[in-house]
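Undergrad:
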Amino acid sequence: MPELPEVETVARQLVPLVRGRTVVGLRVLDPSLKHGRFPRVAGRQVVDVTRSGKRVLFHFSPCASRDGELWLAVHLRMTGRLIWVDESRGPETKHLRARFRLDRGALLFYDTRRFGTFRFYRSFEDTLPGGVDPLSQGLNSREIGRMIGNSKQNIKAWLLRQDRLVGLGNIYASEILFVAGISPLREASSLTAVEHDRVLRATRRVLRRAIKNCGTTFSDFQDTQGLTGSYQNYLAVYGREDEPCPRCRAPVVRLVQQQRSTYFCAQCQE
DNA sequence: ACCCTCCTGTCA
DNA sequence: TGACAGGAGGGT
């Protein structure tokens, strides 16, 4: 469940569960999730859990007698899930890829498709994503226009880039363009200043509402600690091919851009 | 600025 | 059996 609102939801839900606890150990069951060097994490405390782009960022205190602080970025990709269990007895082991044991309880990482990654960092600066968080203060529509520049990409593909805006994925890109009333087929550089403003406003409106609803959850598994979003009930166009557009009742169109589905209303979005 | 691939599962 | 799935890095 991996776009900005889902990752934000995961991070927020983990804070009260793991903050202040001491790590007993980390066991990696699937070596392919390891990226970069893996320092020793046992004995450190979890200082905080936040979101960095689409990654869940764990901040660890220094070890008693070792070097400095440590950060771990967990990227859930398509199917990664972080599940908290109080008793480590008898949890589901299918697709279990890593296990964090804390002083009480454990944090389990499940990932069916095994695209997820763990990456450790020695400094906070190194964890910073390449793009701008769309919910960050200070971002304005002029900056959107500047980032788009003369990009020849279609605006849907541009929104999916993580080196400009971070956090948008396939669901929210379609939803944002619907709210903004802009066709996903438009060349990014063709957007006007007014449309840059509509894109930014739509982005923030959609993301905030999705976060308020704990994100979008398709599969009907319920995560141990209530990681079940409800925003799927509010999706205007995503996954709704041939259903009536909520604004004009014309059938929602599905098309493929960059090998990924895009949904939009050909009547309302120009 | 694309297309493919990584991996596993589900559904028509 | 083939299309498709919330992602992104690598190659052309």
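Counting with this note's numbering, you get residues -6 to 263 for the letters of the first sequence.
From the three backbone atoms N, C-alpha and C, an ideal C-beta is built for every residue, glycine too.
(1) First and last residue of the beta strand (DSSP E) that includes Q250?
(2) Cutting at 6 Å between CB atoms, please list the residues of its own chain near S176, excluding the five before and the five after it.
(3) Judging by CA-CA distance, which residue of L228, L248 and Q250 is the nearest neighbour of R240?
(4) State the CB to CB distance for the pair L69 and P(-5), rounded to an integer number of angstroms; the pair is presumed to be in contact (CB under 8 Å).
(5) Roughly how many angstroms separate the alpha carbons of V40 and P9, rounded to a whole number?
(6) Between F102 and G29, which are expected to be in contact by the criterion C-beta below 8 Å, what is the C-beta distance as a whole number of angstroms?
(7) Could you give the distance in angstroms between the alpha-carbon of L63 and the alpha-carbon of T110?
(8) Please list, in chain order, all residues of the same chain as M140 whose beta carbon is under 7 Å from its beta carbon, the five residues on each side excluded.
(9) Restricting to Cα atoms, I'd like to know which of T72, K47 and R92 is closest to V125.
(10) Between which residues of its own chain and Q265 is the CB-CB distance below 6 Å, once the five residues before and five after are set aside?
(11) Could you tell me which uninterrupted beta strand (DSSP E) segments, each at least 3 residues in length, are contained entirely in the stretch 96 to 138, listed from first to last along the chain?
(12) Please report the residue range of the beta strand (DSSP E) in which F257 lies.
(13) When you compare the CB positions of T210 and T196, do they come within less than 7 Å of one another, or not?
(14) For L170, does the three-state DSSP call read helix, strand or coil?
(15) Excluding sequence positions up to five away, which residues of its chain have a Cβ less than 7 Å from the Cβ of Y231?
(16) Please classify S45: does DSSP put it in a helix, a strand, or coil?
(17) Can you tell me which of D79, D96 and F108 puts its alpha carbon nearest to the alpha carbon of R90?
(18) Distance check for H88 and V187, CA to CA, integer angstroms please.
(19) Which residues mark the beginning and the end of the alpha helix (DSSP H) in which R5 is found?
(20) Could you please give the first and the last residue of the uninterrupted beta strand (DSSP E) stretch that includes R233?
TA: Let me lay it out:
(1) Note, Q250: beta strand (DSSP E), V246 to Q250.
(2) Sequence-distant partners of S176 (beyond 5 residues in either direction) whose C-beta falls short of 6 Å from its own C-beta, in its chain, are Q262 and E263.
(3) Residue L228 is the option with its Cα nearest to R240.
(4) Cβ-Cβ separation between L69 and P(-5): approximately 4 Å, consistent with a contact (criterion under 8 Å).
(5) Approximately 11 Å, taken between the alpha carbons.
(6) The C-beta distance from F102 to G29 rounds to 17 Å, too long to fall under 8 Å, and the pair is not in contact.
(7) The C-alpha of T110 is placed about 16 Å away from the C-alpha of L63.
(8) If you ignore the 5 residues before and after M140, its C-beta comes within less than 7 Å of the C-beta of R157, all in its own chain and listed in chain order.
(9) When each option's Cα is compared against that of V125, the closest is K47.
(10) Because the chain is modelled from -6 through 263, residue 265 falls outside the range shown and cannot be assessed.
(11) Here the runs fully enclosed are 99 to 104 and 110 to 114.
(12) Residues R253 to F257.
(13) In this structure, T196 does not lie closer than 7 Å to T210 by Cβ.
(14) Of the three classes helix, strand and coil, the one that applies to L170 here is helix, per DSSP.
(15) Take Y231, set aside five residues on each side of it, and the residues of its chain with a beta-carbon closer than 7 Å to its own are I164, S167, E168 and Y256, in chain order.
(16) If DSSP states are grouped into helix, strand and coil, S45 belongs with the strands.
(17) For R90, the closest of D79, D96 and F108 by C-alpha to C-alpha distance is F108.
(18) If you take the alpha carbons of V187 and H88, they lie about 47 Å apart.
(19) Counting along the chain, R5 sits inside the alpha helix (DSSP H) bounded by residues L(-3) to V11.
(20) Unbroken run through R233: none, as it is neither H nor E.
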